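Heads up: the structure comes next, in structure tokens.
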């Protein structure tokens, strides 16, 4: 009996080992996607997008509609897996780094073809880099692919190998290439040569003249209404069983500008997914719909992006001298950080679906969030004493503070009109600051007017929300460095205006040029501590992110980075069960 | 001859209107805060890239110089190139204008066919349940802005599935024959058309009701009744002819109202018309495209005014110069 049990145990153990080895081998095959189980092929999926595309050329149009289209129609050398946040190979099959960490030799996948059947080679990679760095084209992608202000040097070693040389060691390495779709040289080189590239692949270009390496190809654009994509028969990716991806035959992007109509369409089954998170006010309705089984609601936890509040810290800010002294004082920012009840903020602004945050790195950023960074406690008495220390006192006993010149302690807070969460947030900030005697005039402006004010430095305080494009801080140097354009409290400084900004510049430069991840984390932890002490931007809450799809959508892996669902369009599928299709 | 002179005068006014509206659109969009390169700013592009893009789009030129250049091209019907799409404005506007015209015509037809007869009914009978219901319904529809009506209709369509929620054609009908396309468009038309038409039908009903009531109280109408002319003939033929004049005189203004109303309805119902295009252009501060849309809108308005004069001429002989008194 014992011997028989032992035999069964050995057999089971052997089966387990075989299964584990098979699984491990599958994991080691990066281009092979492992399907959940019997994914149905065929069918079509309808998603909504809010804006109309300005072009089909991502190199010249940075809007979100073009970004989504690019995810469907183009491929990159490497991509960030939005679910794991790890870098994974795409058109680059493998790569090796040089000892000095400056040069990467990248082996390209063989046998890959563009959607028009023309083979993909290293010449396309070199061409793509040439196009984004061309000054006449002025691509914002080109700006993002600079390290220490210098471009990467790319050359073809042979038809299937390229060399990419960084000007200096760069921690994120090839991860930076997630931003660069590879374009077909045979279709676009002429337009680069004759200076017409900015107009190439415009919205009236016939779809037959557009080709890519992505899972789908554009079949039709019905202006202002929808974009229809068909599966690319030459797409190179396969699933674990060897079946060619994508599973879907067709993807349609319906242009729905109104968010209420978008939700109604989703509930009625006319669209399968939307490309942004569920608004806090729509959550209850969609949860109810989810309970009927018509839609599936994914809770992705706290988001990467918290609403940001900051003062204009420029030396040439258009703020009268007496007010500037206290408005730009660090003690004011510390007082505000202590005066706002973040739990109440989360409850009021996001209806409870948010977590308090204290710094620019949200707890959702699991790799780079440092829980050891000190956080301010909610303490209004302490906040009041900080304000008194910078000369803001309640002289006439009406509860509101006056500055040293007898003027009310008052400032204007600009925010984005039409964004309900921001409008609610600004109202809560105004109410919370009133409790410590600060008067806030909230001015909601059209988003372009907000960006314009930011660009011109014409504001006292701003409350806005930026979208994270990658979790690695070295890929947001524009935000951290004093010379950066996204260093929003004091943009584009020729020299660091303060000692602490000089320190952050140094730490970030070291962090970005360090290859060892543990050391990078340590350096970035120091940056976060400086930030927590100086508080150039105040953060209050990061909303929980909910993504919704029709229940018939299979294999979705929604992610915090956009496009939240369609980033993995090649592995999406739809159920053919009757009654679940719209 | 007076009619010809009137139409000629209106045509000249129409041209001035188009000039003022399109010029105003260029100048106001240019001075409004924000610019078409905001996306570039938000995407973290360098100052040099942003400056180059501004120069390429001509946004670094003085306002007056930019306007004069635009005007010199516009008089030759060249409205320039969209800053947002990099395509000729005329090419972008043409198809959208046709879509908006289709929606406006459908809404106007519905509003006219429903509003005017109901106005005659409610105006010819001062008492009774039917006129009371019509008046109450009109008041409700009058107080509902197109945004609310379109959202309500979209909601009903979502719940019942009787009509598509948005768009102008179905995905399945992406490239069918003409007949299928027409049928598909006709299926998509009711929601936005009803949303636009309801407040308009209510206005027409109120105006027609008032005019009918006043006309039927005129001494010559009472004399006609005394001569034994049947009341239905009096109301629907003689009375209608006389009472339609005030409605016809402001009919042209409704065209303008329809276009401004369609702005919201097109966004909610995803109708790919001029309103949506102008909304996108305004949001992006694409001044040439805004000007192109505004120009077409003002042409619609001027044409509506002319149409109104022609309609009035048919209803009122004095307008045709036949008044000998």
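Chains as they are written, first to last, in this note's numbering: chain C, -11 to 570; chain V, -17 to 307.
We treat Cβ as the ideally placed atom computed from N, Cα and C, and that holds for glycine.
All figures in this text were calculated on a predicted structure; none of them were measured in a lab.
With a cut-off of 8 Å, do at least 3 Cβ pairs link the region 403 to 420 of chain C to the region 373 to 391 of chain C?
no
Hey, would you say residue 262 (chain V) sits closer than 9 Å to residue 212 (chain C), going by beta carbons?
yes
Amino acids of chain V, ordered along the chain, whose beta-carbon sits closer than 8 Å to that of residue 86 (chain C)
Going along chain V, no residue has its Cβ under 8 Å from residue 86 (chain C), so there is no contact; the nearest lies around 28 Å.
What first and last residue would you give for the beta strand (DSSP E) that runs through residue 289 (chain C)?
283 to 290
According to DSSP, is residue 296 (chain V) part of a helix, a strand, or is it coil?
helix
Mind listing the chain C neighbours of residue 69 (chain V)? Cutoff is C-beta to C-beta under 7 Å, in chain order.
190, 191, 192
When the Cα of residue 172 (chain V) is compared with those of V:154, V:93, V:209, V:5, which residue comes out closest?
V:93
Cutoff 9 Å: residue 442 (chain C) Cβ touching any chain V Cβ
yes
Can you pull the chain V residues whose beta carbon is under 8 Å from the beta carbon of residue 480 (chain C), in chain order?
29
By the criterion of Cβ-Cβ separation under 9 Å, what are the contact partners of residue 244 (chain V) in chain C?
Ordered by position in chain C, no residue passes the 9 Å Cβ test against residue 244 (chain V), which lies about 13 Å from the chain.
Excluding the 5 residues flanking residue 66 (chain V) on each side, which residues of the same chain have their C-beta closer than 8 Å to its C-beta?
18, 262, 263, 266, 268, 271
Between residue 330 (chain C) and residue 110 (chain C), what straight-line distance do the alpha-carbon atoms span, to the nearest angstrom?
52 Å
Do we get a CB-CB distance below 9 Å when we pair residue 131 (chain C) with the residues of chain V?
yes
Which same chain residues, not among the five before or five after residue 284 (chain V), have their C-beta less than 7 Å away from its C-beta?
-4, -1, 0
Give the C-beta separation of residue 226 (chain C) and residue 149 (chain C) to the nearest angstrom, bearing in mind that I take them to be a contact with Cβ-Cβ under 8 Å.
With 8 Å as the limit, residue 226 (chain C) and residue 149 (chain C) do not qualify as a contact, their Cβ atoms being about 23 Å apart.
Could you check the C-alpha separation between residue 538 (chain C) and residue 152 (chain V) for me, to the nearest Å?
19 Å
Kindly identify the DSSP beta-bridge partner or partners of residue 343 (chain C).
C:530
For residue 491 (chain C) and residue 320 (chain C), what's the separation of their Cα atoms in angstroms?
22 Å
My assumption, with CB atoms under 8 Å, is that residue 520 (chain C) sits in contact with residue 339 (chain C). Please give the rounded CB distance.
Wrong, their Cβ atoms sit about 28 Å apart, outside the cutoff.
Proximal chain V residues relative to residue 252 (chain C), where beta-carbon distance stays under 7 Å
136, 137, 140, 147
What ranges does the alpha helix (DSSP H) occupy inside the region 354 to 410 of chain C, keeping only unbroken runs of at least 4 residues that lie completely in it?
368 to 377
Note down the Cα distance separating residue 423 (chain C) from residue 13 (chain V), rounded to an integer number of angstroms.
39 Å
Could you run through the region 232 to 245 of chain C and flag, in chain order, every residue whose CB is less than 8 Å away from some CB of chain V?
240, 242, 243, 244, 245
Please decide whether residue 135 (chain C) counts as near chain V, where near means a Cβ-Cβ distance under 9 Å.
no
Decide if the region 61 to 74 of chain C is in contact with the region 548 to 568 of chain C; the criterion is three or more beta carbon pairs, one per stretch, under 8 Å apart.
yes
Under 8 Å: do the region 193 to 206 of chain V and the region 219 to 238 of chain V share three or more Cβ pairs, one atom per stretch?
yes
Reduced DSSP category for residue 577 (chain C) - H, G, I as helix; E, B as strand; rest coil:
With chain C covering only -11 through 570, there is no way to say anything about residue 577 (chain C).
If contact is defined by three or more beta carbon pairs under 8 Å, each pair taking one atom from either stretch, is the region 532 to 547 of chain C in contact with the region 417 to 432 of chain C?
no
For residue 118 (chain V), count neighbouring Cβ atoms within 10 angstroms of its own Cβ and tell me buried if that reaches 16, exposed if not.
exposed
Quick one, are the C-beta atoms of residue 573 (chain C) and residue 34 (chain C) less than 9 Å apart?
Summary: the structure shown does not reach residue 573 (chain C), with chain C confined to residues -11 through 570, and so no result is reported for it.
At least three beta-carbon pairs within less than 8 Å, the region 52 to 61 of chain V to the region 470 to 489 of chain C
no
Own chain residues within Cβ distance below 7 Å of residue 8 (chain V), not counting five before or after
49, 52, 269, 273
Looking only at C-alpha atoms, which of C:469, C:168, C:126, C:106 sits nearest to residue 175 (chain C)?
C:106
Length of the line joining the Cα atoms of residue 9 (chain C) and residue 235 (chain C):
The predicted position of residue 9 (chain C) is uncertain, since its pLDDT is 45 and thus under 50; a value taken from the coordinates is nonetheless stated next. In a straight line, the C-alpha of residue 9 (chain C) is about 27 Å away from that of residue 235 (chain C).
Residue 143 (chain V) CB to nearest chain C CB: under 9 Å?
yes
Looking only at DSSP bridge pairs, what is residue 63 (chain V) linked to?
V:70
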